[in-house]
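Taking this note's numbering, I'd label the letters of the sequence shown as residues 418 to 577.
Glycine included, every Cβ here is placed at the ideal spot set by N, Cα and C.
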Amino acid sequence: MARQTTTPMSLINKIYALLAKVGSALQSPVLLVIRLYWGWHFIGTGWGKLHRLKDVTEYFASLNIPAPHLNAIMASSTECLGGALLILGLFSRFASFALICCMSVAYLTAEREALLVVFSNPDKFLGADPFLFLYASVLVFAFGPGRLSLDALMGREKKA
Numbered sequence: 418m419a420r421q422t423t424t425p426m427s428l429i430n431k432i433y434a435l436l437a438k439v440g441s442a443l444q445s446p447v448l449l450v451i452r453l454y455w456g457w458h459f460i461g462t463g464w465g466k467l468h469r470l471k472d473v474t475e476y477f478a479s480l481n482i483p484a485p486h487l488n489a490i491m492a493s494s495t496e497c498l499g500g501a502l503l504i505l506g507l508f509s510r511f512a513s514f515a516l517i518c519c520m521s522v523a524y525l526t527a528e529r530e531a532l533l534v535v536f537s538n539p540d541k542f543l544g545a546d547p548f549l550f551l552y553a554s555v556l557v558f559a560f561g562p563g564r565l566s567l568d569a570l571m572g573r574e575k576k577a
């Protein structure tokens, strides 16, 4: 009887296949956690801005943002509604795209210095307030909301 030998490469391939299977199984739960956590935080920041519109308008004016009151309402509403949609996993790519735009404007205005030193001082860029919000939004935009979402339930997301 011939004895089967396991070569180091076949063992590595088997381990890799197992890790890929585990990683794939974790994708939707991880996306759910990201959506729930950051969706809740987006709602909180947006809600806070909506309830301090005067202060936010003055802050936007100090940053030379045009139509500061209108932009304060738009940014706050985008964060609230976008966060709620992330939590539900509904219209997730639209919501995450709107939130990416919102956080990009935050970098361009409120965190311009951190943006300008992204390569020379990445810690400053990574430590800026919008970074994790932007990062979570990019993850949902790129990978979708996952199978544990209303988008998936409605058939909008074929693979996640």
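Here DSSP, grouped into helix, strand and coil, assigns residue 495 to helix. Secondary structure note for residue 426: its alpha helix (DSSP H) is the uninterrupted segment 425-467. Put simply, the segment 490-505 touches the segment 463-474. At least three CB pairs are less than 8 Å apart. The segment 511-523 and the segment 468-475 do not touch, with fewer than 3 CB-CB distances between them shorter than 8 Å.
Shown here, residue 473 sits in a helix according to DSSP, grouped into three states.
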